[in-house]
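Written below as structure tokens is the structure these notes are about.
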């Protein structure tokens with residue numbers, strides 16, 4: 027006799043062209059505003075959990091572990107749509123950025139709405155988005 | 027006597043956290059629609075040329091050369107805004123996708139509006155965007 031096999035991971039995970047580290051960049055785009063909030067990385071398990079939970083789970087390269095964004099701070103991202111590009115090596119999430127009872131959601135660990143708050147002008151990168159909340163409250 | 031030094035590259039190129047290959051991912055987001063069109067790669071020279079020309083210039087990893095997108099096909103991207111994220115390792119362009127006299131611009135080499143035309147449903151990645159032009163006309 028043999029034990030029941032565990033459920034096998036869905037085959038669509040194999041359709042992603044994971045890089046040599048087993049990772050792919052994932053863009054989080056806000057539903058409604060369509061603002062690009064951030065880019066992080068996913069591995070197979072992160073994408074599987076993102077799909078299963080309906081909340082963004084990334085792979086933290088610095089901490090080398092899964093990162094369920096906002097799990098402690100409440101700044102989670104509810105996932106509405108998951109897309110893959112033509113080369114199958116970039117993931118695009120449509121998310122609702124939770125955690126702020128009113129006003130724009132805060133995706134960036136600096137307390138800003140979006141991580142893309144530096145704009146190139148003739149002289150350099152100018153910071154063009156305000157800090158909305160104390161970074162201590164979102165850096166989780 | 028000594029020759030005049032060539033103009034030095036702008037110092038803001040050094041503010042980007044280029045990876046070990048000297049590259050950073052660059053997202054092209056369409057002005058107006060705010061659709062995410064594609065993700066490609068840039069090195070220092072690609073970003074400098076993008077800024078200087080006002081049109082997107084990427085680094086082709088497969089061809090190992092600069093890639094002025096649409097140079098031959100006319101599907102160039104006019105750049106309106108260049109941003110850098112909090113970790114300084116991802117670039118976000120706001121672009122006007124040129125090349126189609128009417129209807130949505132075509133950014134993808136498959137002849138589609140966006141490269142993110144595969145959507146995850148319960149069973150796998152479904153193609154959810156139509157081919158708008160013959161791919162032979164845009165694969166340049």
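Chains as they are written, first to last, in this note's numbering: chain A, 27 to 166; chain B, 27 to 166.
The C-beta atom is built at its ideal place from N, Cα and C for all residues, glycine as well.
Apply the 10 Å Cβ neighbour rule to residue 109 of chain B and answer buried if 16 or more other Cβ atoms are within range, or exposed otherwise.
buried
Under 9 angstroms between the Cβ atoms of residue 77 of chain B and residue 36 of chain B?
Yes.
Can you say whether residue 152 of chain A is buried or exposed, counting buried as having 16 or more other CB atoms within 10 angstroms of its CB?
exposed
Compute the distance between the beta-carbons of residue 159 of chain B and residue 106 of chain B, then report whether it is under 9 angstroms.
no
By the three-class DSSP mapping on this structure, what secondary structure does residue 44 of chain B have?
coil
Identify the contact partners of residue 135 of chain B in chain A, using a Cβ-Cβ distance below 8 angstroms as the criterion.
112
Let me confirm a value: residue 131 of chain A is counted as buried when at least 16 other C-beta atoms fall within 10 Å, else exposed. Which label applies?
In this structure residue 131 of chain A is buried. Its beta-carbon is surrounded by 16 or more other beta-carbon atoms within 10 angstroms.
If the criterion is Cβ atoms closer than 9 angstroms, does the pair residue 83 of chain A and residue 98 of chain A meet it?
no
Taking all protein chains shown into account, do 16 or more other C-beta atoms lie within 10 angstroms of the C-beta of residue 146 of chain A, making it buried, or fewer, making it exposed?
Counting Cβ neighbours within 10 Å, residue 146 of chain A comes out buried, since at least 16 surround it.
Would you mind stating whether residue 164 of chain B and residue 141 of chain A have Cβ atoms separated by less than 9 angstroms?
no
Going along chain A in order, which residues have a C-beta closer than 8 angstroms to the C-beta of residue 48 of chain B?
Those do not exist, as residue 48 of chain B stays about 16 angstroms from chain A at its closest Cβ, beyond 8 angstroms.
Which of helix, strand or coil does DSSP assign to residue 87 of chain B?
Correct three-state label for residue 87 of chain B: coil.
Could you spell out the range, first to last residue, of the beta strand (DSSP E) harbouring residue 67 of chain A?
62–68
For chain A, check one thing: does any of its Cβ atoms lie closer than 9 angstroms to the Cβ of residue 100 of chain B?
no
Would DSSP call residue 76 of chain A helix, strand or coil?
helix
Can you list, in chain order, the residues of the stretch 57–68 of chain A whose Cβ is nearer than 9 angstroms to any Cβ on chain B?
59, 60, 61, 62, 64 and 65
Would you tell me roughly how many angstroms separate the C-alpha atoms of residue 80 of chain B and residue 73 of chain B, rounded to the nearest one?
10 angstroms
What would DSSP say about residue 158 of chain A, mapped onto helix, strand or coil?
In the three-state reduction of the DSSP assignment, residue 158 of chain A falls in the coil class, being assigned neither a helical nor a strand state.
Out of curiosity, what's the CA-to-CA distance linking residue 86 of chain A and residue 52 of chain A?
12 angstroms
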